[in-house]
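Residue numbers (our numbering), protein chains in the order written: chain B, 1 to 222; chain V, 1001 to 1222; chain D, 2001 to 2222; chain Y, 3001 to 3222; chain U, 4001 to 4222; chain W, 5001 to 5222; chain X, 6001 to 6222; chain H, 7001 to 7222.
Glycine is no exception: its CB is placed at the ideal position from the N, C-alpha and C atoms.
The structure appears below as structure tokens.
Number of protein chains: 8
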Amino acid sequence: MPSFKELHFAKVDVNRLARRGFPEVIFAPGKTASQMASIAKALKRHGQPVVITKLASQPALALKRKIPWLKYFPKPRMAVGNFRPLPGKPAGGLVWVVTAGTADIPVAEEALLALKIMGCQARSLFDVGVAGLARLTKHLPLLRRAKVIVVVAGMDGVLASLVSGLVASPVVAVPTSVGYGASFQGIAPLLTMLNSCSPGVGVVNIDNGFGAGYLAGRVALA
Amino acid sequence: MPSFKELHFAKVDVNRLARRGFPEVIFAPGKTASQMASIAKALKRHGQPVVITKLASQPALALKRKIPWLKYFPKPRMAVGNFRPLPGKPAGGLVWVVTAGTADIPVAEEALLALKIMGCQARSLFDVGVAGLARLTKHLPLLRRAKVIVVVAGMDGVLASLVSGLVASPVVAVPTSVGYGASFQGIAPLLTMLNSCSPGVGVVNIDNGFGAGYLAGRVALA
Amino acid sequence: MPSFKELHFAKVDVNRLARRGFPEVIFAPGKTASQMASIAKALKRHGQPVVITKLASQPALALKRKIPWLKYFPKPRMAVGNFRPLPGKPAGGLVWVVTAGTADIPVAEEALLALKIMGCQARSLFDVGVAGLARLTKHLPLLRRAKVIVVVAGMDGVLASLVSGLVASPVVAVPTSVGYGASFQGIAPLLTMLNSCSPGVGVVNIDNGFGAGYLAGRVALA
Amino acid sequence: MPSFKELHFAKVDVNRLARRGFPEVIFAPGKTASQMASIAKALKRHGQPVVITKLASQPALALKRKIPWLKYFPKPRMAVGNFRPLPGKPAGGLVWVVTAGTADIPVAEEALLALKIMGCQARSLFDVGVAGLARLTKHLPLLRRAKVIVVVAGMDGVLASLVSGLVASPVVAVPTSVGYGASFQGIAPLLTMLNSCSPGVGVVNIDNGFGAGYLAGRVALA
Amino acid sequence: MPSFKELHFAKVDVNRLARRGFPEVIFAPGKTASQMASIAKALKRHGQPVVITKLASQPALALKRKIPWLKYFPKPRMAVGNFRPLPGKPAGGLVWVVTAGTADIPVAEEALLALKIMGCQARSLFDVGVAGLARLTKHLPLLRRAKVIVVVAGMDGVLASLVSGLVASPVVAVPTSVGYGASFQGIAPLLTMLNSCSPGVGVVNIDNGFGAGYLAGRVALA
Amino acid sequence: MPSFKELHFAKVDVNRLARRGFPEVIFAPGKTASQMASIAKALKRHGQPVVITKLASQPALALKRKIPWLKYFPKPRMAVGNFRPLPGKPAGGLVWVVTAGTADIPVAEEALLALKIMGCQARSLFDVGVAGLARLTKHLPLLRRAKVIVVVAGMDGVLASLVSGLVASPVVAVPTSVGYGASFQGIAPLLTMLNSCSPGVGVVNIDNGFGAGYLAGRVALA
Amino acid sequence: MPSFKELHFAKVDVNRLARRGFPEVIFAPGKTASQMASIAKALKRHGQPVVITKLASQPALALKRKIPWLKYFPKPRMAVGNFRPLPGKPAGGLVWVVTAGTADIPVAEEALLALKIMGCQARSLFDVGVAGLARLTKHLPLLRRAKVIVVVAGMDGVLASLVSGLVASPVVAVPTSVGYGASFQGIAPLLTMLNSCSPGVGVVNIDNGFGAGYLAGRVALA
Amino acid sequence: MPSFKELHFAKVDVNRLARRGFPEVIFAPGKTASQMASIAKALKRHGQPVVITKLASQPALALKRKIPWLKYFPKPRMAVGNFRPLPGKPAGGLVWVVTAGTADIPVAEEALLALKIMGCQARSLFDVGVAGLARLTKHLPLLRRAKVIVVVAGMDGVLASLVSGLVASPVVAVPTSVGYGASFQGIAPLLTMLNSCSPGVGVVNIDNGFGAGYLAGRVALA
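Dropping the structure here:
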């Protein structure tokens, strides 16, 4: 069996679900609706779920007209299709997805949807940034039960260091572009997280909620 | 009494006025009008003033429709509600807010409004940049009476060093994104201010007029 | 029981082994030998293992004279003391530590020593960078048995993406400062790893082999 | 014979086809449709083909109204006119143009069109990025017949190192601005390519597909 | 009376104590011992205290030979002379100087010495970084009595945000060059502090402990 | 006579023509049409010419409605009013304004208009970039008669070094934001010009044609 | 036959000469003399030439003591062993290696030695930077006979654009770290070369003379 | 007559004095003493003065042994030989060289020596930075007589804007690497100077005192 399907403009990796436990993900920016539709159909034909990330609402509409069986999630700006959750209880350990502020939620929603697709058990805790420390400390007993924690934060990005210092589980940190001026579209929290004085923090790309959810899911299922 | 109020997408810090002398501030970018309205209502229910920053005129309109008791200030792009100035004279020492140019005024207005909310005594002096030094030196006797001075400047950002060298009071410096090319959206004045050869200058984020006003107010009230 | 021990120049966190599964780590740069010795003694007095990172050979000699019970490891530039491996088999899943080149080995040795201290089962595979792909593909069946893989690479840093695309387990990526010119002391591989087109990669600071080993250990033990 | 033609706003280099084997190329951004039309006419009058790069669809329409003999290619955003392919077989060695993803194709189309204008023999292979390695390795025997290979990749940009390590021919690498966050509009793949641990990679500007095709063509014809 | 004294290589500002409440400070790097000695003598002749910053131990020895009345402080690398503390109790409000780690102490010592010269009442709290939160929270009641707090931190620099969120007094934040890799000699904590999600933080240059102490002193005395 | 005129939002420097030989210049971005109109009127009332820079066509229309006596120049995006050229021949030495490409012309037009206002003798030479060297060398005898040369170039910005190496007169270099990718909005030519291996090049801000013209005029008149 | 040889700390790619036309190259920095010696011996045992780059004179001495059959070249800081030039005339087209200044020569010597190892026909032209244009134009007829030209330049790096604009052959450009201040250790010429307004320039890493020679050799032999 | 002299490692531009009014300058870094000696001799043989810049004291000693007729100036780190000042009064207009601090003097000395070689009339004013404004304003009447002013400043670099705003003559600004932390080896004052809100400032490379003197000399003589 060939491990990929040749389209003119794409080689669809139909072996990825087997190899990596997750299908090839379609990154929307720079692709036309026709290209996305063809890739999605090829994935479906080979029994692969379809997951599209960073899909703005405008191209999502165009795509839905071509592939009605896709479901669009506007908050995480993702589309999902040909996906059937496994029966039974969620797999693996518990994952908490935590944000510093309300504006970080769309990135967190990406992580939550990725975790749901992977069949993981995930819970969310939003807006517990360090400006009001009591909001975090109250939830600490809950967080300490996690197998892995995703921390989503923009601006100063300090929440990842703080959480990591209080728990034993690994932390996946996602800097966001929330902020202005010297946050430099997410460089400030990215550097904060990379320099965490508390070890145990793995960092993903700015605004890469999906990647954080995927990584946390791999840890939870490992 | 719980120190914060749980909404689904936010934990509203209703203890902050008591703890820090200023309520939780709502940073508008990335929040929907509904989210801002819910947070504002929760703050009001707990007797906290409502202050929203970096609120563009378009979402301000949507928000006003949901919360008529909010007052929008277009120049500093802030909204304020459930706020009653304390009776009597302004508190603390005198604060001067100074700008290098006319285009820096909106950032200065953020500082002035923050100071007004804190009940501080504040005065403004606009467009006294170093290209015409006489404009500053004439006002020097007035500036020297300040307990703290906020200096707002873009482009080369030299005004903060200059003012600091002429007075004894501390200076809060705000770099602005006014300029083009190698001002790099405010990096140039930010670096100028951080490297001030005259000590006594504390710097805040680019365009962070509100933060500068808040910091100056804390100094004036200290 | 107090959770930390007060020295004049340090507050030794003697509760960290219990809280986080690993004792407070002494980061050597900027500390005098006397300061390190005092902290080490305080840790030992409270039953905590002593782990020192980024310790150059010169200060290591001075420190050994003060604390003979410390063992210095010159390749990872770490010192360890008051540490007794747990009896029985290594805990948790298998961890592979992989480097792109020979010059990346000292950073990998940091990770391996951290994993050993945590009682994890770790194996190493050095010099399998992408310039000779056969070196990696031959070892692929072995790598696929890992619960988590640490990839250490400088210069172009491409090994992390490549490994991640071939396995299902999570990857902890460590950019190193190996290289010259436009590698910018590790910025190039750092950005490569953050932008991995294959998801499942968590990145730590440049040359932070210890942090990568610690994070991988937390995943392996989770 | 004068080597250039004086217009008020341009000196058209009508000697370039003879000197460099390719006519002066019109870089569209910052030029009005009138200016482009005048330059194009001057080039045609002196027997030079007309090639316009980075021409968006809107100004292309305006330009077509002035110069109907121009043909616009929307994918590579180029316009070509007064060009007649040489009779006979394509000249020089075989050039492969390879992309990591589907979103990189427009940049690759620039290279392919440049190669076609130069009369070179070029083939394309799209979407063989490292996330699914089998897609590349299957085509390796074909790639090894190339005299020179153009690799187009965004995000982590690892494909150039990988291809270069597997073949003997020189590689022209084009970083693209495909990606987000810490890809910094193409800086990440640019640095990856400059630091390729496999030698034999020459890098051009971000998104400079035309320049890559031109350079590969010069190599193929050399 | 002339406000400055002309040397060939310097114009000594002998009016600064009167104008700004602190004498001209001699920044050592780039100055010869002879130049420093001449400036110090001129300052003394005009009744100004002598304060030298960033003075390494080697040039300090050379300088002491020329000016025996200077006292050198090796930890903050400063020299002070012709200075007599005012009689009576320290002036102004209480200042706390707080560090995240032990390696940040030399920078904190600069601040403490500046405050001592100004006659301020200052106390220090070292090594209360966020990796062990209990170290900070235990001292919170003490910190809350400060009129102003200086926070000194390298690596992720999160301590400034954290402290600011817990107190009402203004915070002067000093990023330090403690760290490695992506701390970029202090850029990481500098950005963290500038983007503090808790307002009330004024930032000074990297490693500028003296400037932070001076600014805090001006606030304490205001 | 007061040296400036107080408006609420501006201090108009009505002494600048006398002091610096050129009136205060109104930088348009960030100013409302009303503000610009008030400043312009105040300048006129005090006999100062009115010069506005970086004025886009949309606000120019709004401004013209308020101040009909302003003349708008769309190419350099400047407006001028209350200006009467001096009688007689142009003053000072000859100034050449040279561009590398056609897209650099708007920036060059800023310089030319500034020079015209100053009464200088200026000539222009457009599109003589280094890709076709003959275009420059042919005009060399003319350029060698200049008292000062303004060189405007984007992309690689090499023209400034080249011209400077061929003439004895000083060169004022203006990097432009023409280009894409690694030109980084003008950083590439800025660095090229600052590092010119041929001395005699003074650099101004990216796209600062007006400033270059002003500086060249001051040299020509000196 | 296995394609690589397993050492503990390295996997020596003994198949590379066959696969890529050039043996595995040993990058010296970060490797001990013992490691380099073992790799060199393994390469020799498998009939591969030994090439070491970026080898400083101090470790070169240590290495020579272990492997006397290595020959060290101090100017390009390379060592070569087990290499026998092919009999007969040099292969492929002519390569010119050109430098802007004298300080760029060591980088050019790397390229020349790489070309010699590949059996290519190479000539050098040093110190023809743009500050004295006649030095280049006089040699133009010679340069035009090249199949490919390597241009080595620091500071402003303009020589690559200039040469490329005058010839038809492809140019391999090497930025060097020669310069100071805003050359930023080679970033300035790197950007200049990437933005060359004359197409046909492929850029390698800063100071990567070896890589440039290798790439030029692959082109010359293609 | 040939316009340059061929050495193996250099093409000495013996025509530059005639063409540009100043001989070829030898940039010392990266050149051996032998290379410098050969170039110097070739220049002398063709009647050109010899000027060497950025020459540290150690290589200066080695060079003096080979060429006794060279005179070394340790402060500006330059060597000069075969130079005879023209008889009569200095040529051109008056040049002032001004520094912000004492540590900037070595860079200013480069400018002063360049001006002396050109036969210009130059005066110096050191240590008039903005921290003590009276030092500058007292000398203003003198500065206003200059035909051109060189301003040398590190740290915040504000002196250039300030001087430019007070005089009519053009200003050549030299940022220096004096400072620490966020001065980033001169980037901070470089950006300040490029963004001067007062026009009429031309900027040269960081620490490029020689280039500033040369440029000012060309203006003074123009």
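By the neighbour-count criterion, in which a residue is buried when 16 or more other Cβ atoms sit within 10 angstroms of its Cβ, Phe3083(Y) is exposed. Ranked by Cα distance from Pro5189(W), the options Asp5156(W), Val5178(W) and Leu5215(W) are led by Asp5156(W). Taking the Cα positions, Ala5033(W) is about 12 Å away from Lys5041(W). Nearest CB-CB separation between Asn6208(X) and chain W: not below the 8 Å threshold. Two segments are said to touch when three or more pairs of C-beta atoms, one from each, lie closer than 8 Å; by this definition the stretch 193-202 of chain B does not touch the stretch 97-106 of chain B. Of all residues in the stretch 109-135 of chain B, only Gly129, Val130, Ala131, Gly132 and Leu133 come within less than 9 Å of chain U when Cβ atoms are compared, listed by chain position. Look at the stretch 2168-2180 of chain D: the residues with a C-beta under 7 Å from a C-beta of chain X are Val2178 and Tyr2180.
For Ile1105(V), the C-beta contacts it makes with chain W under 8 Å involve Phe5009, in order along the chain. When rounded, the separation of the alpha-carbon atoms in Leu1017(V) and Ile1026(V) is 14 Å. With a threshold of 8 Å between beta carbons, Thr1192(V) makes no contact with chain W.
For the 8 Å CB-CB criterion, Gly1209(V) and Ala1108(V) form a contact. Every unbroken stretch of the beta strand (DSSP E) spanning 3 or more residues and falling wholly within the stretch 131-213 of chain B is given here in chain order: 148-153, 171-175 and 201-203. Annotated three-state conformation of Met4078(U) is strand, per DSSP.
The C-beta separation of Ile6149(X) from Val6128(X) comes to about 12 Å, leaving the pair out of contact by the 8 Å criterion. Shown here for Ser57(B): same chain residues with a beta carbon closer than 7 Å to its own, the five before and five after excluded, namely Pro74 in chain order.
Interface annotation for the stretch 2135-2159 of chain D against chain B: Lys2147 and Val2148, criterion Cβ-Cβ distance under 8 Å. Boundaries of the alpha helix (DSSP H) harbouring Ser3038(Y): Ala3033 to Arg3045, taken from the DSSP string. Put simply, the CB of Gly165(B) is near chain U, with a gap under 8 Å to one of its CB atoms. Chain-order list of chain B residues neighbouring Ala2056(D): empty, with the shortest C-beta distance near 20 Å, by a criterion of under 9 Å. The C-beta of Lys1089(V) has fewer than 16 other C-beta atoms within 10 Å across all chains shown, which makes the residue exposed. When secondary structure is reduced to three states using DSSP, Gln4048(U) falls in the coil class, being assigned neither helix nor strand.
Beta-bridge partners assigned by DSSP to Glu3110(Y): none are found. By DSSP's assignment, Arg123(B) forms a beta bridge with Trp96(B). Within the stretch 2028-2041 of chain D, the residues whose Cβ lies closer than 8 Å to some Cβ of chain U are Pro2029, Gly2030, Lys2031, Gln2035 and Ile2039, listed in chain order.
Within the same chain, Gly4081 come within 6 Å of Trp4069(U) by CB-CB distance, once the 5 residues on both sides are set aside. In this structure, DSSP gives Val2219(D) a helical state, which the three-state scheme calls helix.
Within the model, the alpha-carbon separation for Val6174(X) versus Met3118(Y) is close to 26 Å. Secondary structure of Lys4066(U) (DSSP, three-state): helix. Between Gly5186(W) and Ile1187(V), the alpha-carbon positions lie close to 15 Å from each other. A direct Cα-to-Cα measurement between Lys5147(W) and Glu7110(H) gives close to 24 Å.
Only residues of its own chain outside the window of five on either side were considered, and among them Val4097, Ala4108 and Leu4112 have a CB closer than 7 Å to the CB of Ser4124(U), listed in chain order. The Cβ-Cβ distance between Ala5028(W) and Pro5049(W) does not fall below 8 Å.
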